[in-house]
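Chemist:
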Amino acid sequence: MTDTPTDIAALLEEHGYLPDERIAQVVFLAERLDKPVLVEGPAGVGKTELAKALAAVHGRRLIRLQCYEGLDEAKALYEWNYRKQLLRIQSDEKADWSEMAEDIFSEDFLLTRPLLEAIRSAEPVVLLIDEVDRVEMETEALLLEVLSDFQVSIPELGTITASSRPMVLLTSNNTRELSEALKRRCLFLHIGYPTIERETAILLAKVPELSGGLAESVARIVASIRSEPVRKPPSVSESLDWARTLLALGIDRIDETTVTDTLHVLLKYQADVEKVATSLTKT
Amino acid sequence: MLGVLTGFVDELRAVGISVSMVEAIDAARGLEHIDLASRVALKAVLGSTLVKNARHYTAFEAAFETYFSLSGPAAGSAEDDARSEMARSMVAGSIGAGGGGAGDGDSAEDLIDALLAALRDRDDALLQAVVRAAVDRMAGIEAGRPVGGAYYLYRVVRRLELDQVGVELGAMAAADAVSPLQRRLANEEVARQLERVREMVRSEIRRRLVADRGPRAVSRTLRRPLVEDIDLVSATRNEIVEVERIVHPMSRRLATRLSQRRRMGTRGRLDVRRTMRASLSTGGVPVDPRFRRPRPGKPEIVLLGDISGSVATFARFTMQIVFAISAQFSRVRSFAFIDGIDEVTGFFGPGVDFAAAMSRIGAEAEVVWLDGHSDYGNAFAAFGGRFLEDAVTKQTTVIVTGDARSNYHDPNVDALRDIARNARALFWLNPESHRYWDTGDSIMGLYAPWCDEVSEVRNLRQLERFVERVAIPTTRPMRPLA
Numbered sequence: 118m119t120d121t122p123t124d125i126a127a128l129l130e131e132h133g134y135l136p137d138e139r140i141a142q143v144v145f146l147a148e149r150l151d152k153p154v155l156v157e158g159p160a161g162v163g164k165t166e167l168a169k170a171l172a173a174v175h176g177r178r179l180i181r182l183q184c185y186e187g188l189d190e191a192k193a194l195y196e197w198n199y200r201k202q203l204l205r206i207q208s209d210e211k212a213d214w215s216e217m218a219e220d221i222f223s224e225d226f227l228l229t230r231p232l233l234e235a236i237r238s239a240e241p242v243v244l245l246i247d248e249v250d251r252v253e254m255e256t257e258a259l260l261l262e263v264l265s266d267f268q269v270s271i272p273e274l275g276t277i278t279a280s281s282r283p284m285v286l287l288t289s290n291n292t293r294e295l296s297e298a299l300k301r302r303c304l305f306l307h308i309g310y311p312t313i314e315r316e317t318a319i320l321l322a323k324v325p326e327l328s329g330g331l332a333e334s335v336a337r338i339v340a341s342i343r344s345e346p347v348r349k350p351p352s353v354s355e356s357l358d359w360a361r362t363l364l365a366l367g368i369d370r371i372d373e374t375t376v377t378d379t380l381h382v383l384l385k386y387q388a389d390v391e392k393v394a395t396s397l398t399k400t
Numbered sequence: 027m028l029g030v031l032t033g034f035v036d037e038l039r040a041v042g043i044s045v046s047m048v049e050a051i052d053a054a055r056g057l058e059h060i061d062l063a064s065r066v067a068l069k070a071v072l073g074s075t076l077v078k079n080a081r082h083y084t085a086f087e088a089a090f091e092t093y094f095s096l097s098g099p100a101a102g103s104a105e106d107d108a109r110s111e112m113a114r115s116m117v118a119g120s121i122g123a124g125g126g127g128a129g130d131g132d133s134a135e136d137l138i139d140a141l142l143a144a145l146r147d148r149d150d151a152l153l154q155a156v157v158r159a160a161v162d163r164m165a166g167i168e169a170g171r172p173v174g175g176a177y178y179l180y181r182v183v184r185r186l187e188l189d190q191v192g193v194e195l196g197a198m199a200a201a202d203a204v205s206p207l208q209r210r211l212a213n214e215e216v217a218r219q220l221e222r223v224r225e226m227v228r229s230e231i232r233r234r235l236v237a238d239r240g241p242r243a244v245s246r247t248l249r250r251p252l253v254e255d256i257d258l259v260s261a262t263r264n265e266i267v268e269v270e271r272i273v274h275p276m277s278r279r280l281a282t283r284l285s286q287r288r289r290m291g292t293r294g295r296l297d298v299r300r301t302m303r304a305s306l307s308t309g310g311v312p313v314d315p316r317f318r319r320p321r322p323g324k325p326e327i328v329l330l331g332d333i334s335g336s337v338a339t340f341a342r343f344t345m346q347i348v349f350a351i352s353a354q355f356s357r358v359r360s361f362a363f364i365d366g367i368d369e370v371t372g373f374f375g376p377g378v379d380f381a382a383a384m385s386r387i388g389a390e391a392e393v394v395w396l397d398g399h400s401d402y403g404n405a406f407a408a409f410g411g412r413f414l415e416d417a418v419t420k421q422t423t424v425i426v427t428g429d430a431r432s433n434y435h436d437p438n439v440d441a442l443r444d445i446a447r448n449a450r451a452l453f454w455l456n457p458e459s460h461r462y463w464d465t466g467d468s469i470m471g472l473y474a475p476w477c478d479e480v481s482e483v484r485n486l487r488q489l490e491r492f493v494e495r496v497a498i499p500t501t502r503p504m505r506p507l508a
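First to last, the sequence lines map onto chains B and R.
So for the first sequence, the numbering used here puts the first residue at 118; every next one is plus one.
So for the second sequence, the numbering used here puts the first residue at 27; every next one is plus one.
As structure tokens, then:
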């Protein structure tokens, strides 16, 4: 447990994540209130990185549940190992059924999935529920019990309560509105594109070979491209890629030609590349 | 503090942000853990517990600034390095000199010089002092007047000659910028600085207004509807810009949601082959039945939009949203009308600027037949004659947008009836408030019997809800007997 938001910021920074003040504040609050944090923002601004850094800061294990369309409780919570159960039944056909039922619905036959695993873990963990906006509305309900009470009900075994409270982060790319019930249980943190100063700092931290001047001009040009009406604005991960590309090419001053030649690192659509190339070189 | 918090929550609710009881309690619990003197911490606590939608964050910020502005600047300007101390005394000196009697003509110049210096040297303390002095002398705030801050802001910005300051800063920066790219970056830097000054002036004005009249009164004059609640017909230009900004992400979200729901729906029939295959790993016991994915039909859409005068914006956003999610429909055709009608499907393509497309439609499509005043009767008749057979089948959902104000022309209800009979369903979206239907030249009541549904749709929220319902029809709408 850390004492102030500043301590958290310093610790996160030590582990390679540069939080702005708001991120540090919300993380601090989440620890104090024992609440999950719903992190929202465009792709590639470091939502998942935040969870990884937090796990590193507290020396906890990171359990990750990657959400996708069609995710169900068998993949998120737990599943009975049918094959093993069948084998058990077939291997001993004369056994008494009630005894058998007790046996095959014991923990030996339980396959734990990320949510149950996070709750059953003896030491506290960091649970990352990634891209929660990808699951259907109905599946979201599955998360509610876990998020508010940190427990899972299994009909055959009863309710399993967390022995240690996991720290929970949910991320969302905002492709759809999440349910009110889910939002109510979480603290909300929107991470947008960083300011030029912060992006420069991130670039310098992640690509230490970069010179300060180059990092700043990378950040400024990327910010400038973000103000263009492009389909997919470049994110922090793209500007990192771009900085590495420039390093590999041995470029230490950015001019029009270098930008237009390497734009495809920043932009993923040909239409965007053309649009930005013409507008950047326009006098 | 609790009193302030409940007042603040009330304010958020008045703006339209729904805050539940539990969230308010969370906020109160959060406040116990922070240093209340720190505005950043306070804002983080309230922001993360009370506001759960990034789109509402600007509204939250505005309310926060009014409710918690008094504690702000005192904490903010507590730095005291020698240089800024000197700078501050300089500004203080100039105030004394300027206020002496010579009028404020030359003192404004002093302030402008100081502002330039502060921006050039990035001296925040000086900037803070300049802004405060400027608001002191230039805003002319009158105690007790129930106005919002916009007018005062305008006055200060104009008398500080902020535009001119921008030009000078730009010229300074451009001196050592050689390439267009560097010039562009320099200009953006200047724009950011000016925006910052404007923001500082705005919050300084707000601080004084609050000190004068209290947060509740000030936030009432500043309160504005959330973007999704802006009335599209009476929207100002700035509001339209805001709406434009969220239309695209909103329709993308809508499309994702629709395609997800379409694929889920109810399960299809049992897939025997795949079930057998899966059962092999469990010794022939079909533990895990597999199902075919259902493939519900996608509706075909024909849009008829009145693009005359004030309802044009509404028609445009409807077309924009329907076009953006056109993958959810098997076919979308758009028609625009005033008193004539013409097909405009071709005007919209991927990446098209809708505002430009609409003005092109006005110029190039034959939407005007006689005098350029809405004539629904004639437009429907023309549609019936030229396009009906080709465009409308039993699979087609027809959507009409317009206020049904036909300028006392012949309503020609039969023409609409023919369209309705040939279509699968006919919906009418009216951007006018329900109360004004059938007043004056509105003939909504005459057309309504032939529509499967007439909805009042005045803002994005209602529009989104409607489009969603059309895209995933729950049941086949009832047809009235002819």
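For every residue, glycine included, the Cβ atom is placed at its ideal position computed from N, Cα and C.
Rounded to a whole number of angstroms, what is the C-alpha to C-alpha distance between R:M164 and R:L188?
Modeler: R:M164 and R:L188: Cα-Cα distance of roughly 13 Å.
Chemist: Quick check: what's the CA-CA separation for B:E391 versus B:T398?
Modeler: C-alpha separation (whole angstroms): 11 Å.
Chemist: Where R:A304 and R:P315 are concerned, what is the direct C-alpha to C-alpha distance, given to the nearest angstrom?
Modeler: Distance between the alpha carbons of R:A304 and R:P315 is about 8 Å.
Chemist: For a cutoff of 9 Å on Cβ pairs, would you count B:E355 as touching chain R?
Modeler: By this cut-off, B:E355 is not an interface position.
Chemist: Could you name each continuous alpha helix (DSSP H) segment of 4 residues or more that falls completely within the stretch 269–346 of chain R, going from the start of the chain to the end?
Modeler: Correct list: 298–305.
Chemist: Compare the C-beta of B:K152 with all C-beta atoms of chain R and state if any pair is closer than 9 Å.
Modeler: Interface residue, yes.
Chemist: B:R230 touches chain R at which residues, Cβ-Cβ below 9 Å?
Modeler: The premise fails here: B:R230 is roughly 16 Å from chain R at the closest Cβ pair, so nothing lies under 9 Å.
Chemist: Runs of 3 residues minimum, wholly inside the stretch 258–328 of chain B: which ones carry the beta strand (DSSP E) assignment?
Modeler: Segments of the beta strand (DSSP E) lying fully in the stretch 258–328 of chain B: 268–271, 275–278, 284–289 and 304–307.
Chemist: What residue from R:A389, R:I469, R:R263 and R:R228 has the CA that sits closest to R:N433's CA?
Modeler: Nearest option by C-alpha distance: R:I469.
Chemist: With 16 other CB atoms within 10 Å as the buried threshold, where does R:M276 fall?
Modeler: Buried: at least 16 other Cβ atoms inside 10 Å.
Chemist: State buried or exposed for R:E490, treating a residue as buried only when at least 16 other CB atoms are found within 10 Å of its CB.
Modeler: Burial call: buried.
Chemist: Please classify B:K152 as buried or exposed, where buried requires at least 16 other C-beta atoms within 10 Å of its C-beta.
Modeler: Counting Cβ neighbours within 10 Å, B:K152 comes out buried, since at least 16 surround it.
Chemist: Output yes or no for whether 9 Å exceeds the beta carbon distance between R:V48 and R:V35.
Modeler: Result no, Cβ atoms of R:V48 and R:V35 do not sit closer than 9 Å.
Chemist: Are the C-beta of R:D52 and some C-beta of chain B separated by less than 9 Å?
Modeler: Chain B contact via Cβ: present.
Chemist: Please tell me whether R:L207 has its Cβ less than 9 Å away from any Cβ of chain B.
Modeler: For R:L207, the answer is yes, since a Cβ of chain B falls inside 9 Å of its Cβ.
Chemist: Pull out every residue of the stretch 306–334 of chain B whose Cβ sits closer than 7 Å to any Cβ of chain R, in chain order.
Modeler: Those would be L306 and H307, in chain order.
Chemist: Taking its Cβ as the centre, do 16 or more other Cβ atoms sit within 10 Å of B:G275, making it buried, or is it exposed?
Modeler: Answer is exposed; the Cβ neighbour count stays below 16.
Chemist: Can you tell me whether R:R232 is buried or exposed, with buried defined as 16 or more other CB within 10 angstroms of its CB?
Modeler: Looking at its Cβ environment, which holds 16 or more other Cβ atoms inside 10 Å, R:R232 is buried.
Chemist: Residues of the stretch 373–398 of chain B in Cβ contact with chain R at a cutoff of 8 Å, in chain order, please.
Modeler: So the close ones are E373, V376, A388, L397 and T398.
Chemist: Can you name the start and end residues of the beta strand (DSSP E) that R:A362 belongs to?
Modeler: Counting along the chain, the beta strand (DSSP E) containing R:A362 begins and ends at R357 to F363.
Chemist: Closest Cβ-Cβ distance between B:R337 and chain R: below 9 Å?
Modeler: Answer yes: the Cβ-Cβ gap between B:R337 and chain R drops below 9 Å somewhere.
Chemist: So the beta strand (DSSP E) B:Q183 belongs to, where does it begin and stop?
Modeler: Run containing B:Q183: R178 to Q183, per the beta strand (DSSP E) assignment.
Chemist: Leaving out the 5 sequence neighbours to the left and right, which residues in its chain are closer than 8 Å to R:R295 when beta-carbon positions are compared?
Modeler: Counting only Cβ-Cβ distances below 8 Å, and skipping sequence neighbours, we find F317 and R318.
Chemist: Compute the beta-carbon to beta-carbon distance between B:G133 and B:I308, rounded to the nearest angstrom, for a pair I have assumed lies under 8 Å.
Modeler: No, B:G133 and B:I308 are not in contact; Cβ-Cβ is about 16 Å, not under 8 Å.
Chemist: Sorted by chain position, which residues of the same chain lie with C-beta nearer than 8 Å to B:R337's C-beta, five sequence neighbours on each side aside?
Modeler: Closer than 8 Å at the Cβ level, and outside the excluded window around B:R337, lie I313.
Chemist: In this structure, does DSSP put B:Y386 in helix, strand or coil?
Modeler: The answer is coil: DSSP assigns B:Y386 none of H, G, I, E or B.
Chemist: Pull out every residue of the stretch 297–320 of chain R whose Cβ sits closer than 7 Å to any Cβ of chain B, in chain order.
Modeler: The residues in question are S307, T308, G309, V311 and V313.
Chemist: Roughly how many whole angstroms lie between the Cα atoms of B:A258 and B:E190?
Modeler: Going by the C-alpha atoms only, they are around 10 Å apart.
Chemist: Would you mind stating whether R:L186 and R:A144 have Cβ atoms separated by less than 9 Å?
Modeler: Going by C-beta atoms, R:L186 is not nearer than 9 Å to R:A144.
Chemist: Which complete alpha helix (DSSP H) runs does the stretch 468–494 of chain R hold, if anything under 4 residues is left out?
Modeler: Listed in chain order, they are 470–473.
Chemist: Curious, which full-length alpha helix (DSSP H) runs of at least 4 residues does the stretch 189–277 of chain R contain?
Modeler: For the stretch 189–277 of chain R, whole alpha helix (DSSP H) runs of length 4 or above, ordered along the chain, are 206–239 and 241–248.
Chemist: With a threshold of 9 Å between beta-carbons, can R:T282 be considered close to chain B, or not?
Modeler: Output row for R:T282: interface = yes.
Chemist: How many angstroms separate the CA atom of B:V339 from the CA atom of R:D397?
Modeler: Going by the C-alpha atoms only, they are around 51 Å apart.
Chemist: Hey, would you say R:A200 sits closer than 9 Å to R:A212, going by beta carbons?
Modeler: Yes, the pair counts as a contact, with Cβ atoms nearer than the cut-off.
Chemist: Using a Cβ-Cβ cut-off of less than 7 Å, list which residues of the stretch 55–69 of chain R approach chain B; keep chain order.
Modeler: The residues in question are R55, G56, H59, V66 and A67.
Chemist: Name the residue from R:R279, R:T92, R:F453 and R:N79 whose alpha carbon lies nearest to the alpha carbon of R:A237.
Modeler: Minimum Cα distance to R:A237 is reached at R:T92.
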